[in-house]
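**Q**
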Amino acid sequence: MENKSKGKAVERIYTLLDEGSFVEIGQAVTARSTDFQLEEIKTPSDGVVTGYGLIDGCPVYVYSQDASVLGGSIGEMHARKIANLYDLAMKTGVAVIGMIDCAGIRLQESTDALHAFGEIYKKQAQASGVILQISAIFGNCGGGLAVFPTLTDFTLMEESGQLFINAPNAITGNRKEVLNSASAAFQSKEAGIVDFVGNEAEVFAQIKKLTGLFPSNYKDQSKIKDCLDDLNRLCGNVQTADAVEILTQVADENEFIELKSDYGTDMAIGFIRLDGETVGCVANKEEKISAQGAKKAASFVKLCDAFGVGILTFTDVTGYAADLEQEKELAQAVGTMTGAFVQASVPKVNVITKKAFGSAYVSMNSKAVGADLVYAWEDAKIGMMEADMAAKIMNPGADADVLKEKAQEYEKLQSDVDSAARRGYVDTVIDPQDTRKYVIGAFEMLYTKREMQIPKKHNAF
């Protein structure tokens with residue numbers, strides 16, 4: 022049967038999937054008219070093309086909304102097709118990729134559309150942590166549909182896409198010309214929903230990277246690949262590198278895939294391979310943790326743990342961001358991040374690179390909150406606070422020379438990396454250029470890790 026869907030819906034599927042691999046499901050489905058008759062309006066595939074195919078040989082289920090059919094709006098049968106796709110995906114342990122270009126819920130179908138729409142919410146929530154879910158926004162994704170990407174694992178957005186609960190002009194005191202709160206820039210930088218923004222070709226390339234790296238389901242072990250890189254390769258000049266550069270140097274073939282780079286910019290999250298195995302990474306980009314950075318890290322750690330992906334952290338932190346806006350949500354955000362590290366049962370490795378001070382250090386996957394192995398670079402400083410501040414607190418009123426002397430004493434006794442190692446808070450002090458071989462060895466040793474958690478339904482925070 023010839024596919025009569027128009028627009029870019031089918032074209033996007035063919036662009037994403039391996040040539041000749043797509044098989045459509047539900048091609049003959051059309052809208053089911055209810056109170057407002059739609060018989061005279063042709064609705065091929067009811068505005069969404071669904072099916073399955075391959076990405077670099079890996080099976081996936083896909084749906085792609087067709088904006089040429091009633092604006093790609095979601096009606097009862099449209100929603101049922103997507104829900105059916107999820108049922109098949111959960112039975113087979115295969116990823117679901119949704120390509121969104123939608124005018125919203127179809128008004129003519131009223132509660133029939135609403136009920137079927139709610140079924141998609143349910144399927145997405147049930148699939149969370151079971152199968153990989155990716156949302157790619159190419160057009161409009163507004164109103165209740167904006168919840169879709171928040172229920173999936175990764176959200177990618179084409180530069181001209183629109184994502185919103187309330188349209189910019191419907192927000193009190195705002196106009197789209199003043200602040201386009203539906204734009205990809207706003208949703209990636211301010212809302213933190215979007216993992217990646219690019220043109221259409223870049224979005225497809227990123228989807229392919231993610232499906233090649235990340236497990237298709239929580240039991241999937243097929244994403245490990247042969248490593249052609251030197252396992253003992255030295256990491257040159259990492260002492261002066263930023264977090265992203267450190268992760269890039271440590272990774273197989275120097276490839277780090279960063280996510281949410283515009284949001285919570287004090288923290289880096291993303292994926293690398295170590296000896297061919299996918300590892301999730303969290304690293305401090307700045308010395309102060311923000312609420313946004315902590316939220317970003319927490320959700321990422323939970324995602325990795327749900328799918329059995331090991332976690333590697335690089336710690337360089339002295340405290341928390343200090344301003345009124347941060348204070349409103351910082352404690353809650355850091356608590357959620359700390360709890361995520363504690364609850365994660367996957368292999369957890371931490372590398373302390375420069376500074377690790379106070380409770381901010383404790384929360385960053387320290388030995389205290391459950392890291393399996395902790396390494397520290399030779400010049401790292403670990404303690405309650407920076408030595409000069411400690412000297413001022415412990416010696417009030419002392420002159421500059423005395424404070425300098427006391428700071429040196431404090432640093433030697435309390436902040437020295439060897440002191441932390443003697444107390445067992447650091448397992449091994451390493452030369453920075455040897456970081457790659459040590460973390461590879463750590464994850465190889467932890468590959469068979471099994472950790473039993475206290476039985477319960479779920480966290481309450």
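Going by the numbering used here, the letters in the sequence shown line up with residues 22 to 482, in that order. Note that beta-carbon positions come from the ideal geometry of N, C-alpha and C, so glycine has one too.
Who are the near neighbours of K143 in its chain, counting only those whose CB is closer than 6 Å to its CB and skipping five residues on each side?
**A** none
**Q** Please say whether A146 and L166 have beta carbons closer to each other than 8 Å?
**A** It is not a contact, given that the beta carbons lie outside the stated cut-off.
**Q** Expressed to the nearest angstrom, what Euclidean distance is found between the alpha-carbon atoms of G158 and L177?
**A** According to the sequence as given, residue 158 is Ile; it is not Gly. Distance between the alpha carbons of I158 and L177: 6 Å.
**Q** Please classify Q208 as buried or exposed, where buried requires at least 16 other C-beta atoms within 10 Å of its C-beta.
**A** buried
**Q** Let's test the definition: count the other Cβ atoms within 10 Å of the Cβ of S243 and tell me whether it reaches 16, buried, or not, exposed.
**A** exposed
**Q** If you draw a straight line from the C-alpha of V447 to the C-alpha of A343, how long is it?
**A** V447 and A343: Cα-Cα distance of roughly 28 Å.
**Q** Return the bridge partner residues of R294 from the DSSP annotation.
**A** T299
**Q** Among all the DSSP beta bridges, which residues are the ones paired with E45?
**A** The partner list for E45 (beta bridge, DSSP) reads G72.
**Q** Do you know how far the Cα of V259 is from the Cα of I267?
**A** 6 Å
**Q** Where does the unbroken alpha helix (DSSP H) through I103 begin, and where does it stop?
**A** 97-113
**Q** By DSSP, does F123 sit in helix, in strand, or in coil?
**A** One detail in the question is off: residue 123 reads as Cys in this sequence, not Phe. DSSP places C123 in coil when its eight states are reduced to three.
**Q** Would DSSP call T176 helix, strand or coil?
**A** Strand.
**Q** Excluding the 5 residues preceding and the 5 following Q474 in the sequence, name in chain order all residues of the same chain whose CB lies nearer than 8 Å to its CB.
**A** Q364, S366
**Q** Please name the residue or residues paired with P476 in a DSSP beta bridge.
**A** None, per the DSSP bridge assignment.
**Q** Under the three-state reduction of DSSP, which class applies to L153: helix, strand or coil?
**A** coil
**Q** Does the distance from the CB of L234 to the CB of I290 come in under 8 Å?
**A** no
**Q** Give every residue of the same chain whose Cβ lies closer than 6 Å to the Cβ of Q270, excluding the five residues on either side of it in the sequence, and list them in chain order.
**A** Excluding its 5 nearest sequence neighbours in each direction, Q270 has C-beta neighbours in its own chain below 6 Å: C256, V259, listed in chain order.
**Q** Just curious, the alpha helix (DSSP H) that V383 is in, first and last residue?
**A** 379-384
**Q** Over what stretch of residues does the alpha helix (DSSP H) that includes L345 continue unbroken?
**A** Looking at the DSSP string, the run of the alpha helix (DSSP H) that includes L345 is 345-348.
**Q** Between the C-alpha atoms of P453 and A463, what's the straight-line distance to the nearest angstrom?
**A** 15 Å
**Q** Based on DSSP bridge pairs, tell me the residues matched to N161.
**A** Q183
**Q** Quick check on the burial criterion: 16 or more other C-beta atoms within 10 angstroms. Buried or exposed for A352?
**A** exposed
**Q** Can you grab the Cα-Cα spacing for the pair R254 / A401, in whole Å?
**A** Going by the C-alpha atoms only, they are around 22 Å apart.
**Q** Which partner residues does A289 have in the DSSP bridge list?
**A** A304
**Q** Whose C-beta lies closer than 6 Å to the C-beta of K388 among residues of the same chain, with five residues either side of it excluded?
**A** V395, Y446
**Q** Quick check on T359: does DSSP put it in helix, strand or coil?
**A** Per DSSP, reduced to three states, the secondary structure at T359 is helical.
**Q** Return the Cβ separation of V215 and A205 in integer angstroms, given the expectation that the two are a contact with Cβ distance under 8 Å.
**A** 6 Å
**Q** Mind checking L295: buried by the 16 CB within 10 Å criterion, or exposed?
**A** buried
**Q** For Y468, does the count of other Cβ atoms within 10 angstroms reach 16, so buried, or fall short, so exposed?
**A** exposed
**Q** Quick one: is A191 buried, meaning 16 or more other Cβ sit within 10 Å of its Cβ, or exposed?
**A** Burial call: exposed.
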